[in-house]
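Since the structure comes first, as C-alpha cells, the remarks are kept for the end.
Numbering (the working numbering), first residue to last: 191 to 597.
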C-alpha cells in the first residue's frame, strides 16, 4: 500500500510542474495589457525625449549632439641620446618614467601622450579658449577646469601603427577642431623645446640670425650710399685688412657664442658651471672687440687718429664688410644645420589634421530608445509576476493566516 501511494504521487508532481509552466504563460497573458501598456508608453516617452533634444538649440539641449574631431600623428621612435638627455636636463625624466617612458630610450609616442595631457598643455589651452567660462566653473577653478577639459579631451598611442590620436568632444564642431589643432601645435613646440627636433630648431635659429644680418647689411649699404651722396667719393687709406678680419672673426664668434648659450640655457639649471664658462668666454670676446675699437690694445691704430670724414667712411665700409663676413660664416653654419635637419627624422609628423566633422559622435538616440524600451518590457514582466503573486497570496487562506500571525 505504501509503495502504491508513493507511485501515485509521482505523476502528480509532474502534473504540478506542467501546470506551473502553463501558469507562467497564463500570468503573462492575464497581464498583457499592463505589459503592452508600460512597454509602449515607455517607448513613446523615450522617443519624445529624443525628439525634444533635437528640437532645442545645442547649448540648451539636455541631450545635444556631440562632435569629436581627431588629429592623427605619426611618431618616430627616439634613440638613447638627444631627447632623453634633454628630458633628464629639464627634470622630466622621473615624470616620464612614472608614465612608462624610459629616459634611456624613450618612446616618443608615450611621451607625446604625456605632454598632450599634462597640466601645462591643458592650462595653455584654457588660456586661449577659456574653458572656465565655457563650463561655468566657479569653485576650485584650476583643478575643476582641468578635470572638465580632460573629460572631453583625449590622447592615445597605438604601438602597432606608431600613431598618436588627439581628439576633443564638444557640441560645436568648429570649436572642437580648433582645440585639437592647437593642442598639436603646443605638442610640436614642446617637443622642439625638449630637444626632440634639435637640428630643426638650430636651423630655424640660424634662419632668424641670417635674416637679422641681412637687415644689417642693407642698412650699412644705405648709410654708405647716403655718405657718398652727401660728400662725394672720398679717397682714404683703407683700414688694415687684419683689423677687418679680426673684428669679423671676433664678432662672428660672439654671435655663435650667444647662440650656443641660448641653446644650452634651454636645458640647463640656473647655476650651471658650463653656462658660467660660456658667459666668461663671451665676455672675453667682447673685451677684445672693445680693445680693437678703441685702440687700447696697442695692436692696431685707433680709428680716431684718422681724419673725421675718412674715419666715418671707413667705419661705414668696415661695418658693411663685417656684416658680409658674418653673413658668409653664418651661411656656412646654416648649410650644415640644413643637412643635419634633413637627415634627422622629426619626432612626429601630422598625418591627418583635425577637421570640423559633419557627423556626430554621440549620443546614439536609437540605442537609447531600444535600451529604454527593453528595460521597460522586462520591468513590466516583473511587475506582472509580482501582481500575480500578491493575488495568489490573497486567495490562499493558509498564506493569509501565516501573514496574520495565526499559523
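Glycine included, C-beta positions come from ideal geometry on N, C-alpha and C.
This structure is a prediction, so every number in the text was calculated from the model and none was measured.
Got a sec: is the Cβ-Cβ distance from residue i to anything in chain B below 9 Å?
{"i": "residue 545", "result": "In summary, chain B is missing from the structure at hand, where a single protein chain is found."}
Just list the residues that DSSP pairs residue i with in beta bridges.
{"i": "residue 542", "result": "262"}
{"i": "residue 256", "result": "552"}
{"i": "residue 376", "result": "In DSSP, residue 376 forms no bridge with anything."}
{"i": "residue 353", "result": "264, 348"}
{"i": "residue 358", "result": "343"}
Compute the beta-carbon to beta-carbon distance between residue i and residue j, rounded to the nearest angstrom, for a pair I have assumed lies under 8 Å.
{"i": "residue 217", "j": "residue 578", "result": "4 Å"}
{"i": "residue 566", "j": "residue 232", "result": "3 Å"}
{"i": "residue 405", "j": "residue 517", "result": "In fact, because the Cβ distance is near 11 Å, the residues do not count as touching under 8 Å."}
{"i": "residue 465", "j": "residue 447", "result": "12 Å between Cβ atoms; not a contact."}
{"i": "residue 558", "j": "residue 240", "result": "6 Å"}
Going by C-alpha distance, which of the options is nearest residue i?
{"i": "residue 238", "options": "556, 575, 584", "result": "556"}
{"i": "residue 359", "options": "545, 259, 231, 590", "result": "259"}
{"i": "residue 393", "options": "364, 440, 529", "result": "529"}
{"i": "residue 540", "options": "419, 464, 378, 447", "result": "378"}
{"i": "residue 543", "options": "357, 314, 552, 311", "result": "357"}
{"i": "residue 450", "options": "396, 481, 480", "result": "396"}
{"i": "residue 512", "options": "407, 242, 219, 361", "result": "407"}
{"i": "residue 552", "options": "310, 229, 362, 211", "result": "362"}
{"i": "residue 257", "options": "560, 550, 592, 564", "result": "550"}
{"i": "residue 562", "options": "224, 221, 235", "result": "235"}
{"i": "residue 229", "options": "564, 519, 249", "result": "564"}
{"i": "residue 222", "options": "366, 341, 248, 570", "result": "570"}
{"i": "residue 572", "options": "224, 212, 301", "result": "224"}
{"i": "residue 364", "options": "419, 327, 319", "result": "319"}
{"i": "residue 547", "options": "435, 559, 366, 473", "result": "366"}
{"i": "residue 182", "options": "473, 352, 519", "result": "As shown, the chain starts at 191 and ends at 597. That puts residue 182 outside it, with no answer to give."}
{"i": "residue 300", "options": "419, 585, 314, 350", "result": "350"}
{"i": "residue 226", "options": "592, 568, 521", "result": "568"}
Using the rule of at least 16 other Cβ atoms within 10 Å of the residue's Cβ for burial, across every protein chain shown, is residue i buried or exposed?
{"i": "residue 368", "result": "buried"}
{"i": "residue 581", "result": "exposed"}
{"i": "residue 291", "result": "In this predicted model, residue 291 has a pLDDT of only 45, less than 50, meaning its place in the structure is not dependable; the value taken from the coordinates is given anyway. Classification for residue 291: buried."}
{"i": "residue 401", "result": "exposed"}
{"i": "residue 316", "result": "buried"}
{"i": "residue 399", "result": "buried"}
{"i": "residue 409", "result": "exposed"}
{"i": "residue 463", "result": "exposed"}
{"i": "residue 587", "result": "exposed"}
{"i": "residue 412", "result": "exposed"}
{"i": "residue 252", "result": "exposed"}
{"i": "residue 333", "result": "exposed"}
{"i": "residue 270", "result": "With a pLDDT of 41 at residue 270, under the threshold of 50, the modelled position of that residue is not reliable, and the figure given next carries that caveat. It is exposed - the Cβ of residue 270 has fewer than 16 other Cβ atoms within 10 Å."}
{"i": "residue 310", "result": "exposed"}
{"i": "residue 307", "result": "buried"}
{"i": "residue 554", "result": "exposed"}
{"i": "residue 583", "result": "exposed"}
{"i": "residue 211", "result": "exposed"}
{"i": "residue 312", "result": "buried"}
{"i": "residue 305", "result": "buried"}
{"i": "residue 263", "result": "buried"}
{"i": "residue 591", "result": "exposed"}
With the cut-off set at 9 Å, would you say residue i and residue j are in Cβ contact?
{"i": "residue 298", "j": "residue 381", "result": "yes"}
{"i": "residue 254", "j": "residue 245", "result": "no"}
{"i": "residue 354", "j": "residue 348", "result": "yes"}
{"i": "residue 265", "j": "residue 505", "result": "no"}
{"i": "residue 325", "j": "residue 335", "result": "yes"}
{"i": "residue 468", "j": "residue 454", "result": "yes"}
{"i": "residue 371", "j": "residue 261", "result": "yes"}
{"i": "residue 140", "j": "residue 545", "result": "Nothing can be reported for residue 140, as the shown portion of the chain is limited to 191 through 597."}
{"i": "residue 437", "j": "residue 376", "result": "no"}
{"i": "residue 346", "j": "residue 303", "result": "yes"}
{"i": "residue 503", "j": "residue 414", "result": "yes"}
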